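Heads up: the structure comes next, in structure tokens.
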Amino acid sequence: MDLNKLMMNYLAEEGFRPHETPFGIAFKNEGFNFLYFKDEEDEQYFRLMMPAIFEVTEDNEDTILQVMNEVNSTIKVVKLYTMDLEDEDGKTEKSVWVAFEILADTTPELGDIVPRAINLLQGGRITFLSKLQEIADK
């Protein structure tokens, strides 16, 4: 089973207009970016992500980590974490990413998995941002 090829074919058939990247597959849905990461070491590992949903700074990092921990403990399958990436100028930027991670069987039904994954990722994003807003409103 080549989950990366299955995912590329599924996304193309569903009209997502995916494109390959060095780390997997990128596509958009309803204006949001999504990344599917391939794992050469584990063909059954399925990881779909919403990248960079919120910038992390020195001023907000403690609050971000607190909210991420709260969301991670309440939402199924989805987890939030921070990623450090270099921009074009070589400057490192930290942001919150939302991940959907499962172990797929040897004949995955992507028509069942991908829509649910997208909904859960969007739900994780909305929950995270709502909890941040609650703290800001206090």
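Using the working numbering, read the sequence shown as starting at 1418 and increasing by one per residue. A virtual CB, placed ideally from N, CA and C, is assigned to each residue, including glycine. Computed from a predicted model, the values in this text were never measured in an experiment.
Looking at the unbroken alpha helix (DSSP H) that takes in residue i, where does it start and where does it end?
| i | result |
| --- | --- |
| LYS1422 | 1420-1430 |
| ASP1506 | Where ASP1506 is concerned, there is no enclosing alpha helix (DSSP H), given that its DSSP letter is neither H nor E. |
| THR1544 | 1527-1554 |
State the start and end residues of the unbroken beta strand (DSSP E) segment that holds residue i.
| i | result |
| --- | --- |
| ALA1516 | 1509-1520 |
Buried or exposed for residue i, going by 16 or more other Cβ atoms inside 10 Å?
| i | result |
| --- | --- |
| ARG1542 | buried |
| PRO1435 | buried |
| VAL1494 | exposed |
| GLU1555 | This sequence places Lys at residue 1555; Glu is not what is there. Exposed, because fewer than 16 other Cβ atoms sit within 10 Å of the Cβ of LYS1555. |
| GLY1441 | buried |
| ILE1552 | exposed |
| LEU1428 | buried |
| PRO1525 | buried |
| LEU1549 | buried |
| LEU1520 | exposed |
Among the options, which one has its Cα closest to the Cα of residue i?
| i | options | result |
| --- | --- | --- |
| SER1512 | VAL1488, LYS1555 and TYR1498 | TYR1498 |
| GLU1503 | MET1425, GLU1447, LYS1422 and ALA1469 | ALA1469 |
| PHE1433 | TRP1514, ILE1535, ASN1477 and GLU1518 | ILE1535 |
| ARG1464 | GLN1550, PHE1545 and LEU1527 | LEU1527 |
Since residue i contacts residue j with CB under 8 Å, what's their CB separation in whole angstroms?
| i | j | result |
| --- | --- | --- |
| MET1466 | ALA1516 | 5 Å |
| PHE1454 | PHE1444 | Contact doesn't hold; Cβ gap of about 13 Å is too wide. |
Margin query: Which runs of the beta strand (DSSP E) at least 3 residues long sit entirely within the stretch 1432-1499? Give them in chain order.
Written below: 1436-1438, 1441-1446, 1449-1454 and 1462-1473
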